[in-house]
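Undergrad: Below: one structure in structure tokens.
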Amino acid sequence: MAEYDPQAIEKKWQARWNADHAFEADADPSKPKYYVLEMLPYPSGTLHMGHMRNYTIGDVTARFRRMQGLHVIHPMGWDAFGMPAENAAIQRGIHPREWTLTNIESFKRVLHKFGFSYDWRREISTCEPEYYHWNQWFFLRMLEKGIAYRKRSRLNWCTKCATVLANEQVIDGCCWRHEDTPVEPKVIEQWFLRITQYADELLEDLTQLESGWPERVLAMQRNWIGKSRGTRVRFAVDEFADTSIEVFTTRVDTIFGVSGLILAPEHPLLSKLVEGVADHAAIEENLQKLRRRLTRAADIATAEKEGFFTGRYAINPFNGEKVPIWVGNFVLLEYGTGAAMCVPAHDERDFEFATKYGMAIPIVIQPTEGTQLDPDRLIAAHVEYGELVNSGLYTGLTSEKAIEKMSCDAEARGFGKGETIFRLKDWGISRQRYWGTPIPIIYCEKCGMVPVPDKDLPVVLPPMAKFSGLGESPLASVPEFVNTTCPACGGPARRETDTMDTFMDSSWYFYRYADPHNNKAPFDPGLVRYWLPVDQYIGGIVHAILHLLYTRFFCKVMRDLGLVNHDEPVKRLFTQGLVLKGGTAMSKSKGNVVGAEDMADKFGCDTGRLYTLFAAPPEKDLEWSEQAIEGCSRFLQRVYRLVSKHADGLKNVQVGGGAATLLDSATPKEKVLLRKAHQVLRRVTHDFDARWHFNSAIALLMELVNEIHAQEPLEDGVRPEVAKEVFELLTLMLNPMVPHLSEELWEILGHSHETLAHAAWPKFVPALAAEDEVEIVVQIKGRVKGKIFVAAGLTKEELEKLAVTDSKISHLLEGQRIVKVIVVPDKLVNVVTA
RNA sequence: GCGGAAGUGGCGGAAUUGGCAGACGCGCCAGCCUUAGGAGCUGGUGGCCGAAAGGCCGUAGGGGUUCGAGUCCCUUCUUCCGCACCA
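If you want it as structure tokens, here you go:
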């Protein structure tokens, strides 16, 4: 008998699917659509098992939904711009384009090798002008709407990348790609997108995603947006009639307890404030010291609070009190107003600071119940809400009421107002890099900043020969690119030489899949209306904040431009776990990468697919194990042997009249097989459809195979029609997970004319799954004491009688008083004795 | 500190959501088959007591609800992930 030959089988069916255009789908409003999307890869190095797991989960979903009769779009493309390509150019002299295209070829070859059911006609690559044309187009639309703007700002500079990093690319104060390189501040003119304009909506609309997105992703996004309600209060500076300091506080109710203002060391007013103060030189020195902040987050969190008195005072507008102005290393310029009021009695940080520097610690809030705070014995800040004391006319109010009233009063008296602020910052998109989308802006000496007109798009990346990795923007060294004419006056002008953050590319790519070759617009709104939003998105948790927040922002901008008619781009999100080896995620730098292609050459891709689905639930991390994958390989061999052993005899057998008729005059063996097959079908369907428990679905299929095996020889007591029904069910259920083997089995079972690409998912027949005899667990006081086999569907009374009259049970019950009997039909009888 | 997830055999994990804990697989043990086996087949495999029948214990710890708890409630602990001096 022929052995299972995965290499031959997989090649054969992949060729067939290609020839059949099996996975191509065009918009068809008469059909219900389903959009399955996996996060597009950055084509670098090798495609490893981490990628493989992501695409396998997506492919199972796509194939299952197709079998359910949905019109499935399942595309793939390349996130092709980015720093590794440029780094390769710098280090090895390969042009980023060449490096990228080579990698794409290799990734594509491997994806084909795995038989993923993509519609390759929709393939996109973000480094092609046909694609980034529309990045530029979106940028210009945002410029028109005031969403894109330019400002000088202090940004994170990585000396190794020689580029600016987004806040999100800074990890522990270091570059996300160079974890040992602290970022340095640098002030440059940069392009920003006003994502903060959508902060409230980005937060609010998370409620729409509650049923479809993982809770932790929602939590991370909420956290990142960081909405805070509070009050902005202006403190006049004593002796400076024209100067005031604004603070933001969420606890204006504690303002009578202010014993100082604390400014961030970089606060712009500081130089003016300290001018002319005694000890000016010492203060300047202190400032310089504080400005050299620690960069590692862990160090910052544990760093001791430090600060100094500036020699100036401010006036508390609520009570006219003079309070000292300090500088503190723990006050952040970027958050709120860059200045905070110091209320030591009711804020932990302020307490620590005030204690260290001997500042006053007035108590202005008392707990509404329990022990009152004693100013002489305060050992920690009391941060909870309570009742106001020593607070002028607000004394006696609760914190809640005071916050409301004091905000109103501050506004009425002209020194403050209620305000909501966000932690979210505008998105800086300028990068001093070559391998990205050129920003379509021209600077003219006469006209100033001039957008490139739509008709001149795309602004194409010029060819460049040498990449040094030094300096700022590589494009600045290409005169043919830089020097141009002003679209407004025709005079000499210079092009913007920065390129866009690649997160721009990935913010809308899956809209382009709906209409990938449009050269008049980013996409046809009609096609997008049919295919979008994405029904199921699958990717890594690493993108929980950046990519998924940006793409949500883009969707809202596109909606406001009238291009799309929905608020959220992704209905359901699934974040799969990592693939680990030796306990850590596979990565080139750790040297623990298992290449997907090597794995497929060794075991066959169906085995690899099965293993990644079986070894762990999809949301959990998965430890790579050669031994366990061999177990999966054995299972598939076993299936192949089992089916092919019987296939010849079943080839021409027809299962007519519906599966349910097979039950008529069925032998016990047949009943066992039909029952098992349909019980498994019911649960596998549920596992695929609603639970995403691929691992337990596979376990069930293993049980079915074990059962068929146990009923051998099938020739003895099993009609061919029954055997065929059972084998076909097995084959169809395996199809989403191991499609090549499944196709092969389907063919040897006599279906040589068709493929399973669009086969219907089998229909569950309750009558076939029903047991006619069931095992009832008999408990006494909740402890299992025996089991009885009875006909299915007995009434509670019948079951109770059978249980208590069972010889073993009745013996145990002798002399006992029965208090009550709980009966769960077809399952259990629990006799409760006194 | 805040937020999220999770704690079940030697290991990965199941338990269809309150009804036989450990399905399925890996590993291990014994046997069969084989020139050979990193192939195949059969059986066993949570712990303790017992020759066996059987009994007791057992889902991180403690308490509770219930006829019945891995599952629900309270509480303590531990691990992982994200954010982190956010006023």
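In our numbering, the protein residues as written are 1256 to 2089.
From the three backbone atoms N, C-alpha and C, an ideal C-beta is built for every residue, glycine too.
Sorted by chain position, which residues of the same chain lie with C-beta nearer than 7 Å to F1585's C-beta, five sequence neighbours on each side aside?
TA: K1560, R1604
Undergrad: If you measure from the CB of P1734, is any heavy atom of the ligand NAP nearer than 7 Å?
TA: Summarising the ligand content, the structure contains no ligands, and the ligand NAP is consequently not present.
Undergrad: In its own chain, which residues sit with a C-beta less than 6 Å from the C-beta of A1743, not counting the 5 before and 5 after it?
TA: C1702, V1705
Undergrad: Answer with buried or exposed for L1587, where buried requires no fewer than 16 other C-beta atoms within 10 angstroms of its C-beta.
TA: exposed
Undergrad: Between D1790, R1686, V1715, K1775, which has its C-alpha nearest F1758's C-alpha?
TA: R1686
Undergrad: Could you check if K1836 is buried or exposed, using at least 16 other CB atoms within 10 Å of its CB as the buried criterion?
TA: buried
Undergrad: Could you give the distance in angstroms between the alpha-carbon of T1610 and the alpha-carbon of E1659?
TA: 30 Å
Undergrad: Just how far apart, CA to CA, sit Y1792 and V1825?
TA: 7 Å
Undergrad: Would you mind listing the alpha helix (DSSP H) stretches within the segment 1658-1740 that are 4+ residues and don't spill past its ends, in chain order?
TA: 1734-1737
Undergrad: In three-state terms, what does DSSP make of C1744?
TA: coil
Undergrad: Below 8 Å, how does it come out for the segment 1958-1973 and the segment 2048-2057: are there three or more Cβ pairs, yes or no?
TA: no
Undergrad: Would you list the residues sitting across from A2046 in a DSSP beta bridge?
TA: E2028
Undergrad: How big is the Cα-Cα spacing for A1599 and A1657?
TA: As written in the sequence, residue 1599 is Pro, which differs from the Ala given in the question. Roughly 19 Å separates the two Cα atoms.
Undergrad: CA-CA distance, K1875 and E1998?
TA: 30 Å
Undergrad: Taking E1983 as the reference, which of M1992, H2006, E1967, R1668 has the closest Cα?
TA: H2006
Undergrad: Under 7 Å Cβ to Cβ from S1299, same chain only, skipping five residues before and after it: list those, please.
TA: P1339, N1358
Undergrad: Under three-state DSSP, which class holds L1516?
TA: Of the three classes helix, strand and coil, the one that applies to L1516 here is strand, per DSSP.
Undergrad: By Cβ distance, which residues of its chain are closer than 7 Å to R1930, with the 5 residues on each side in sequence left out?
TA: L2023, A2024, E2026
Undergrad: Counting C-beta neighbours from all protein chains within 10 Å, is the total for V1935 16 or more, i.e. buried, or is it exposed?
TA: buried
Undergrad: State yes or no: is the C-beta of S1408 within less than 8 Å of the C-beta of Q1445?
TA: yes
Undergrad: Round the Cβ separation of V1578 and N1571 to the nearest angstrom and send it over; I've been treating them as touching at under 8 Å.
TA: 6 Å
Undergrad: Where does the unbroken alpha helix (DSSP H) through C1887 begin, and where does it stop?
TA: 1881-1905
Undergrad: Would you say F1949 and L1868 are within 8 Å of each other, going by their C-beta atoms?
TA: The answer is yes: Cβ separation under 8 Å.
Undergrad: L1679 and W1479 - do their beta-carbons sit closer together than 8 Å?
TA: yes
Undergrad: Could you give the first and the last residue of the continuous alpha helix (DSSP H) run that contains K1368?
TA: 1351-1368
Undergrad: In terms of residues, what are the limits of the beta strand (DSSP E) holding W1763?
TA: Counting along the chain, W1763 falls outside any beta strand (DSSP E), and DSSP gives it neither H nor E.
Undergrad: Going by other Cβ atoms of all chains shown within 10 Å of its Cβ, with 16 needed for buried, is V2079 buried or exposed?
TA: exposed
Undergrad: Which runs of the alpha helix (DSSP H) at least 4 residues long sit entirely within the segment 1844-1875? Give them in chain order.
TA: 1851-1858, 1860-1869
Undergrad: Between the alpha carbons of T1565 and E1727, how many angstroms are there, rounded?
TA: 38 Å
Undergrad: Can you check which of these residues, F1490, L1628, K1857, is closest to T1592 by C-alpha distance?
TA: F1490
Undergrad: Who are the near neighbours of T1986 in its chain, counting only those whose CB is closer than 6 Å to its CB and skipping five residues on each side?
TA: S1997, L2000, W2001
Undergrad: Closer than 7 Å by C-beta to I2064: which residues in its own chain qualify, once you throw out the five before and the five after it? Chain order, please.
TA: Non-local beta-carbon contacts of I2064 in its own chain, meaning distances under 7 Å to residues more than five positions away in sequence, involve V2033, K2040, G2041, A2058 in chain order.
Undergrad: Taking the alpha-carbon of F1362 as reference, which of Q1391, Y1386, G1332 has the nearest alpha-carbon?
TA: G1332
Undergrad: Give every residue of the same chain whose Cβ lies closer than 8 Å to the Cβ of D1334, excluding the five residues on either side of it in the sequence, and list them in chain order.
TA: L1295, P1296, Y1297, P1298, T1381, T1757, D1760, S1761, Y1764
Undergrad: Could you spell out the range, first to last residue, of the alpha helix (DSSP H) harbouring M1596?
TA: No alpha helix (DSSP H) holds M1596; the beta strand (DSSP E) holding it covers 1594-1597.
Undergrad: Going along the chain, which unbroken runs of the alpha helix (DSSP H) with 4 or more residues stay wholly within the segment 1980-2025?
TA: 1994-2003, 2021-2024
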